[in-house]
Amino acid sequence: FPLRNREHILEGSEQQIRAKLDLLGFIEIPEEIYNLSLLKLRQKEALCRICELLKTLGIPVYLLIGNDDHISGNDWDRTLSDYGICSLNLMVYELEGFKMVGFQYVPPTPWNTNNELPEDRLADELTRIEPYIDRKTILITHGPPKNILDRTGNGLRVGSESIYRLVKEKQPMFHIFGHIHEAFGKATID
Numbered sequence: 680f681p682l683r684n685r686e687h688i689l690e691g692s693e694q695q696i697r698a699k700l701d702l703l704g705f706i707e708i709p710e711e712i713y714n715l716s717l718l719k720l721r722q723k724e725a726l727c728r729i730c731e732l733l734k735t736l737g738i739p740v741y742l743l744i745g746n747d748d749h750i751s752g753n754d755w756d757r758t759l760s761d762y763g764i765c766s767l768n769l770m771v772y773e774l775e776g777f778k779m780v781g782f783q784y785v786p787p788t789p790w791n792t793n794n795e796l797p798e799d800r801l802a803d804e805l806t807r808i809e810p811y812i813d814r815k816t817i818l819i820t821h822g823p824p825k826n827i828l829d830r831t832g833n834g835l836r837v838g839s840e841s842i843y844r845l846v847k848e849k850q851p852m853f854h855i856f857g858h859i860h861e862a863f864g865k866a867t868i869d
């Protein structure tokens, strides 16, 4: 189902709607039983189901944790490893003469989610992957660079200045990112 057409998410039977929401990472937990331990358990169960499906593709799969994923980094990496899936964060993979480099952190949000870092700490973490980025690199970050597909539904620009500087300076072949659900598209800088 197309993510751009959000009205389609809520079409179909209850089972179809729940499956769509589950694949998007929305896990229904009634308020009276909400607790972080249960949320982590449900997310881990969902991650295992997704990994099981991805494993059937028979091709290499690389995943990057999001800021709404509450599974600890070590547990995330262990789970992916159990299914033969590669975790991308702060890792470099060689792919037929190209490099793929990942980075999971995002600037702070109003919701105080996981994997948020203030811009100065985000810049420090980026230095760990900077030496590996060049014109033959596919850079995959969870968050966008500042002023590039980083506009939220209320019009705010929330991308990272540090990611922007890294991309501008190193000029990777591609920079693929997500995080901002309302911002779709592609852009070319310099």
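Take the sequence shown: its position 133, counted from the start at 1, is 812 in my numbering, and no numbers get skipped. Heads up, the beta-carbon is just placed ideally off N, CA and C, and yes, glycines get one too.
Pairing residue 820 with residue 861 gives a Cβ-Cβ distance that is not under 8 Å.
Counting only unbroken stretches of 4 or more residues, the alpha helix (DSSP H) elements lying wholly within the segment 726-776 are 752-761, in sequence order.
In the structure shown, residue 800 falls within a helical segment according to DSSP collapsed to helix, strand and coil.
Two segments are said to touch when three or more pairs of C-beta atoms, one from each, lie closer than 8 Å; by this definition the segment 800-816 does not touch the segment 755-763. Distance between residue 849 and residue 743, taken at the CA atoms: about 21 Å. By the neighbour-count definition (other C-beta atoms within 10 Å, threshold 16), residue 864 is an exposed residue. Counting along the chain, residue 817 sits inside the beta strand (DSSP E) bounded by residues 816-820. Comparing alpha-carbon positions, the option among 838, 719, 804 lying closest to residue 770 turns out to be 804.
Closest in alpha carbon position to residue 868, among 763, 752, 749, 852, is 852. For residue 842, the secondary structure class from DSSP, reduced to helix, strand or coil, is helix.
Check the Cα spacing between residue 773 and each of 818, 750, 785: the tightest is with 818.
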